[in-house]
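Here the protein sequences come in this chain order: L and R.
Residue 89 in this note's numbering sits at position 89 of the first sequence, with consecutive numbering throughout.
With the second sequence counted from 1, adding 429 to any position gets you this note's numbering.
Each residue gets a CB set at the ideal place from its N, CA and C atoms; glycine is no exception.
Below you'll find the structure, written out as structure tokens, and then a few comments.
Number of protein chains: 2
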Amino acid sequence: RKPRGESRLSRSHRTAHTDPDYSTAYVVVHTDSGLQGFGFTFTLGKGTEIVVCAVRALAGLVVGKSLQEIVSDFRGFYRLLSSDGQMRWLGPEKGVIHLATAAVLNAVWDLWARAEAFPSFRLTLPDSGSDPKQIVSCVDFRYITDALTEEEALDILVKAQEGKQQREDQMLKEGYPAYTTSCAWIGYSDEQLKQLCTDALKSGWTKFKVKVGADLEDDTRRCRLIRQMIGPDKTLMIDANQRWDVSEAIGWVSSLAEFKPLWIEEPTCPDDILGHAAISKALAPLGIGVATGEQCQNRVMFKQFLQASALQFVQIDSCRLGSVNENLAVLLMAHKFKVPVCPHAGGVGLCELVQHLILFDYICVSGSLSNRMCEYVDHLHEHFTSPVVIHDAHYMPPKDPGYSCEMLESSVKKHQYPEGDVWKQHKNN
Amino acid sequence: RKPRGESRLSRSHRTAHTDPDYSTAYVVVHTDSGLQGFGFTFTLGKGTEIVVCAVRALAGLVVGKSLQEIVSDFRGFYRLLSSDGQMRWLGPEKGVIHLATAAVLNAVWDLWARAEAFPSFRLTLPDSGSDPKQIVSCVDFRYITDALTEEEALDILVKAQEGKQQREDQMLKEGYPAYTTSCAWIGYSDEQLKQLCTDALKSGWTKFKVKVGADLEDDTRRCRLIRQMIGPDKTLMIDANQRWDVSEAIGWVSSLAEFKPLWIEEPTCPDDILGHAAISKALAPLGIGVATGEQCQNRVMFKQFLQASALQFVQIDSCRLGSVNENLAVLLMAHKFKVPVCPHAGGVGLCELVQHLILFDYICVSGSLSNRMCEYVDHLHEHFTSPVVIHDAHYMPPKDPGYSCEMLESSVKKHQYPEGDVWKQHKNN
């Protein structure tokens with residue numbers, strides 16, 4: 001079991017993150033039987049080597065353990081990685097050390113699902129060998145029992161067994177609803193926006209996200225354009241990528257209210273629970289919700305966002321939280337607080353991973369599609385051995401065993417830093 | 430300007446952090462003139478190499494800049510380091526990347542103070558070349574303007590000019606009040622507790638902190654013992670190092686209320702603002718305050734702790750927040766919210782650094798000693814070129830130019846990982 005180093009794949013456009021160079025810290029766990037598990041965490045480029053360094057530091061806690069030993073006390077194993085007596089000082093459960101924990105645990109979940117020959121979303125289904133008790137035993141309830149106890153979690157899962165089979169059948173047939181972020185990045189010309197939006201409408205997309213926050217006049221023009229293109233009945237969301245302070249966020253978004261956005265995403269600092277609560281309260285009369293989560297560091301922060309009514313849409317991330325284990329805690333808390341989960345995706349492979357989590361949420365936790373949808377960004381899927389399948393703006397459930405984390409050997413080789421061909425060429429230019 | 434690698438110095442006793450191996454990521458910035466600045470961030474051992482890796486990643490943003498260029502726009506430089514378009518994904522402003530930022534900025538503050546030939550606490554004093562405007566220009570107000578604007582900060586500093594000279598004279602004569610954590614670590618025998626407490630009383634200590642949280646019966650016996658030793662009028666504080674969930678914290682601390690602790694420190698997860706608020710509310714009728722901060726990741730979290738009345742004592746840390754720059758923001762917010770600052774110290778060199786901040790707080794911000802004291806732990810000072818001077822349980826203001834960050838060349842050489850003698854011996858045993 002060893003980290004594989006970093007891999008840099010592509011470029012795209014963001015507001016707070018102005019020059020991303022989409023990368024991952026990619027982990028492969030090896031077993032004596034020859035079975036492998038793949039995992040990663042997503043980064044924006046520079047600093048990926050820090051995450052890789054953290055993965056190497058965590059490796060000592062993983063190497064030598066059997067899969068059975070890990071999954072028979074998955075909560076204990078999560079705690080071992082996230083609460084090491086010395087390394088927890090570097091977090092706890094946040095930033096680099098938690099991103100590395102996510103990469104390692106993602107690989108373990110991938111390995112487990114492969115060993116059981118199920119896609120991850122089915123691994124956690126009761127009829128696939130697991131039961132609600134086993135699911136709950138993967139979750140560390142430390143620091144969240146004031147919002148959700150183990151007993152309450154178990155109760156939610158047991159109740160949701162009713163109708164589970166129909167929901168699974170429905171998903172296999174129809175897929176999980178998605179929205180697209182690929183049409184309206186900042187920096188696209190109006191012509192590009194129009195063309196991308198026209199194409200997306202033709203492909204059946206009904207929910208569109210627009211990046212905002214750089215310039216109000218520009219935002220107004222672009223939101224008006226998109227709203228005109230999609231008509232009054234389709235869904236528009238806006239995303240500021242942490243651009244504003246609290247009062248600025250309220251003012252700016254109020255100015256865009258005429259375009260009827262469903263939510264404003266990341267209006268301010270991802271750590272600012274009370275700030276998001278103030279923004280939520282101010283925008284509620286305008287019918288605009290607050291969405292956040294892609295940089296929410298752990299379940300303790302999500303707990304407070306829910307307690308404080310600071311968000312109306314929970315955007316879990318498959319690579320920032322501590323893998324499936326911690327995401328289960330958030331799905332269960334969101335259900336208790338009656339707030340819909342609309343995962344963050346995009347980056348490198350985030351769509352591939354998070355589809356498992358949101359399918360599990362629908363089938364085994366929430367049982368609802370109301371106000372729910374999963375982000376989709378149309379890039380970098382070509383590097384994966386089991387890329388997402390989108391049909392009519394829906395994620396079609398993955399069929400291959402595993403957590404869909406594995407990248408093509410050729411992609412890894414080509415993009416591995418610093419010895420891959422892409423980097424050698426970059427150096428020569 | 431280059432990172433110097435890690436240095437592991439000693440061992441001590443904690444509750445959540447069960448086996449610390451006190452270390453630092455030590456940074457030296459070199460200038461063309463030959464002047465050097467020293468800085469570090471404290472760690473508990475394993476994972477120090479991750480922080481060193483992050484320091485190396487940040488180095489590219491520092492090397493080649495002149496000191497004048499940095500300090501003439503210190504806010505901009507802080508933002509450059511803390512909000513790099515790619516690396517901020519690894520935080521932002523939290524965990525490994527922020528610890529590394531602290532180490533680098535501490536070295537820059539040390540360099541600046543040496544260049545000006547003042548100890549750091551005086552560098553920020555108006556009569557030493559700086560004025561309130563210059564102090565405020567070091568602070569990044571991003572994400573905190575809903576709690577404190579630049580104008581309000583300036584107003585606080587201008588008002589505090591009155592009586593500044595007397596307060597500085599008073600500090601030079603009497604020093605800043607301290608409390609000791611060296612008497613009652615978990616794991617000490619009752620005999621050890623008695624002996625250490627007797628010695629401390631003889632040396633003039635009047636404020637004592639006891640570590641709790643492992644076993645209630647044991648805590649009760651030890652708190653009773655210490656309270657009996659020190660009498661009813663001296664101050665007792667208790668520290669749980671994040672042991673509990675919210676309701677457990679309330680129950681446990683209520684059981685210890687008879688020993689009249691001034692505060693309970695770190696009752697639960699350092700991220701749990703609302704949890705600390707609930708604990709504060711429950712313990713207020715018992716006359717027990719809540720103290721936290723040594724693992725509070727940034728000014729945005731401190732802002733919310735203050736907004737939510739979630740703490741009654743602000744424990745700033747010189748190596749977790751983004752150096753003097755971010756600590757200034759917290760001192761100013763704490764003053765506005767009328768909450769006393771009682772810095773965290775101990776570890777490696779935290780006493781050496783934080784004394785500058787708390788002296789500045791008294792002289793230039795709060796002007797008050799009411800309910801205020803600075804932690805003191807009696808170890809590892811022998812490794813510093815300008816170790817703290819404690820006289821009659823007070824920190825005597827440092828006189829040497831700089832931020833007191835420099836370690837003895839011989840200590841660095843001996844403890845540097847992995848080539849120092851200490852590590853070679855360790856390997857051979």
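Proximity test, Cβ basis, 8 angstroms: residue i and chain L
{"i": "Cys698 (chain R)", "result": "yes"}
{"i": "Gln726 (chain R)", "result": "yes"}
{"i": "Leu750 (chain R)", "result": "no"}
{"i": "Thr814 (chain R)", "result": "no"}
{"i": "Thr530 (chain R)", "result": "no"}
{"i": "Leu534 (chain R)", "result": "no"}
{"i": "Ser439 (chain R)", "result": "In this prediction, Ser439 (chain R) has a pLDDT of 42, which is less than 50 and means its spatial position is unreliable; nothing more can be read from the coordinates."}
Chain R within 8 angstroms of residue i, Cβ atoms only
{"i": "Val51 (chain L)", "result": "yes"}
{"i": "Gly129 (chain L)", "result": "With a pLDDT of only 49 at Gly129 (chain L), under the threshold of 50, the placement of this residue in the model should not be trusted; the figure read from the coordinates follows. False, the Cβ-Cβ gap to chain R never drops below 8 angstroms."}
{"i": "Asp317 (chain L)", "result": "no"}
{"i": "Ala113 (chain L)", "result": "no"}
{"i": "Thr292 (chain L)", "result": "no"}
{"i": "Asp378 (chain L)", "result": "no"}
{"i": "Thr43 (chain L)", "result": "yes"}
Contacts of residue i in chain L (Cβ-Cβ under 9 angstroms)
{"i": "Ile693 (chain R)", "result": "What Ile693 (chain R) touches in chain L: nothing, since even the nearest Cβ is about 16 angstroms away."}
Listed by chain order, chain R residues near residue i by CB distance under 8 angstroms
{"i": "Lys46 (chain L)", "result": "Ala486, Asp513, Gln515, Met516"}
{"i": "Asp272 (chain L)", "result": "Tyr572, Val729, Lys732, Gln733"}
Contacts that residue i makes with chain L (C-beta to C-beta distance below 7 angstroms)
{"i": "Gly704 (chain R)", "result": "Asp146"}
Residues that residue i contacts on chain L, provided the C-beta gap is smaller than 8 angstroms
{"i": "Ser676 (chain R)", "result": "Thr145, Asp146"}
{"i": "Ala483 (chain R)", "result": "Gly47, Ile50, Val96"}
Partners in chain R for residue i, counting only beta-carbon separations shorter than 9 angstroms
{"i": "Asp110 (chain L)", "result": "Within 9 angstroms Cβ-Cβ: nothing; Asp110 (chain L) doesn't reach chain R, min ~23 angstroms."}
Run through the segment 187-239 of chain L for me and flag every whole beta strand (DSSP E) of 3 or more residues, listed as ranges in chain order. Restricted to the segment 187-239 of chain L, the beta strand (DSSP E) segments that are unbroken, complete and at least 3 residues in length are 207-211, 235-239, listed in chain order.
Below 7 angstroms between beta carbons is the criterion; list the residues of the segment 214-241 of chain L that meet it against any residue of chain R, in chain order. Taking 7 angstroms as the Cβ-Cβ cut-off against chain R, none of the residues of the segment 214-241 of chain L qualify.
Residues of the segment 396-425 of chain L whose Cβ lies closer than 9 angstroms to any Cβ of chain R, in chain order: Residues of the segment 396-425 of chain L that bring their beta carbon within less than 9 angstroms of a beta carbon in chain R are absent altogether.
Contact set between the segment 73-99 of chain L and chain R, restricted to residues whose Cβ is under 9 angstroms from the partner: Those residues of the segment 73-99 of chain L placed with their C-beta closer than 9 angstroms to a C-beta in chain R are Ser83, Asp84, Gly85, Gln86, Met87, Arg88, Trp89, Leu90, Gly91, Pro92, Glu93, Lys94, Gly95, Val96, Ile97, His98, Leu99, ordered along the chain.
Check distances from the C-beta atoms of the segment 132-143 of chain L to those of chain R and list, in chain order, the residues that come in under 9 angstroms. Under the 9 angstroms Cβ criterion, the segment 132-143 of chain L contributes Phe141, Arg142, Tyr143.
Under 8 angstroms, with one C-beta from each stretch per pair, do the segment 809-817 of chain R and the segment 576-583 of chain R reach the 3-pair mark? Under the Cβ criterion (8 angstroms, minimum of three pairs), the segment 809-817 of chain R does not count as touching the segment 576-583 of chain R.
Runs of alpha helix (DSSP H) wholly within the segment 475-527 of chain R (minimum 4 residues, chain order): As far as the segment 475-527 of chain R is concerned, its whole alpha helix (DSSP H) runs of at least 4 residues are 477-488, 496-500, 503-511.
Contact between the segment 731-738 of chain R and the segment 541-548 of chain R is defined here as three or more beta-carbon pairs at a separation below 8 angstroms; is this criterion met? In short, these stretches do not touch, since the Cβ pair count stays below three.
Against chain R: residues of the segment 297-315 of chain L by CB proximity under 9 angstroms: Cβ contacts with chain R come from Gln297, Asn298, Val300, Met301, Lys303, Gln304, Gln307, Ala308.
Is the segment 664-680 of chain R touching the segment 53-66 of chain L in the sense that three or more CB pairs, one from each, lie closer than 8 angstroms? Short answer: they don't touch.
contact_flag[the segment 223-237 of chain L, the segment 258-272 of chain L] where n(CB pairs < 8 angstroms) is 3 or more: Result yes; three or more Cβ-Cβ pairs closer than 8 angstroms.
Using 8 angstroms as the Cβ pair cut-off and three pairs as the minimum, do the segment 216-235 of chain L and the segment 163-178 of chain L touch? Not touching, per the Cβ criterion.
Check whether the segment 92-112 of chain L and the segment 336-343 of chain L touch, using three or more Cβ-Cβ pairs below 8 angstroms as the test. No contact exists between the segment 92-112 of chain L and the segment 336-343 of chain L.
The segment 702-709 of chain R touching the segment 717-731 of chain R, judged by at least three CB pairs closer than 8 angstroms: Three or more Cβ pairs closer than 8 angstroms define a contact, and the segment 702-709 of chain R meets that threshold against the segment 717-731 of chain R.
Quick check: the segment 777-794 of chain R against the segment 845-852 of chain R, are there 3 or more CB pairs under 8 angstroms? Judged by Cβ distances under 8 angstroms, the segment 777-794 of chain R makes no contact with the segment 845-852 of chain R, as fewer than three pairs qualify.
Using a Cβ distance threshold of 8 angstroms, determine whether the segment 468-481 of chain R contacts the segment 510-522 of chain R, with at least three qualifying pairs required. The segment 468-481 of chain R is not in contact with the segment 510-522 of chain R.
State whether the segment 163-170 of chain L contacts the segment 128-147 of chain L, with contact taken as three or more CB pairs (one from each stretch) at a distance under 8 angstroms. No, the segment 163-170 of chain L does not touch the segment 128-147 of chain L.
Does the structure place the segment 313-320 of chain L close enough to the segment 293-300 of chain L that three or more beta carbon pairs sit under 8 angstroms? Enough Cβ pairs lie closer than 8 angstroms, so yes.
Stretch-stretch touch, CB-based, cutoff 8 angstroms, three pairs: the segment 478-493 of chain R with the segment 752-765 of chain R: No, because fewer than three Cβ pairs between the segment 478-493 of chain R and the segment 752-765 of chain R fall closer than 8 angstroms, the two stretches do not touch.
Scan the segment 275-308 of chain L and note each continuous alpha helix (DSSP H) run of 4 residues or more that stays entirely inside, going in chain order. Listed in chain order, they are 299-307.
Run through the segment 347-410 of chain L for me and flag every whole alpha helix (DSSP H) of 4 or more residues, listed as ranges in chain order. Taking only runs of at least 4 residues, the alpha helix (DSSP H) segments lying wholly in the segment 347-410 of chain L are 350-360.
Are there three or more Cβ pairs, one per stretch, closer than 8 angstroms when the segment 393-412 of chain L is compared with the segment 19-39 of chain L? The segment 393-412 of chain L vs the segment 19-39 of chain L: in contact.
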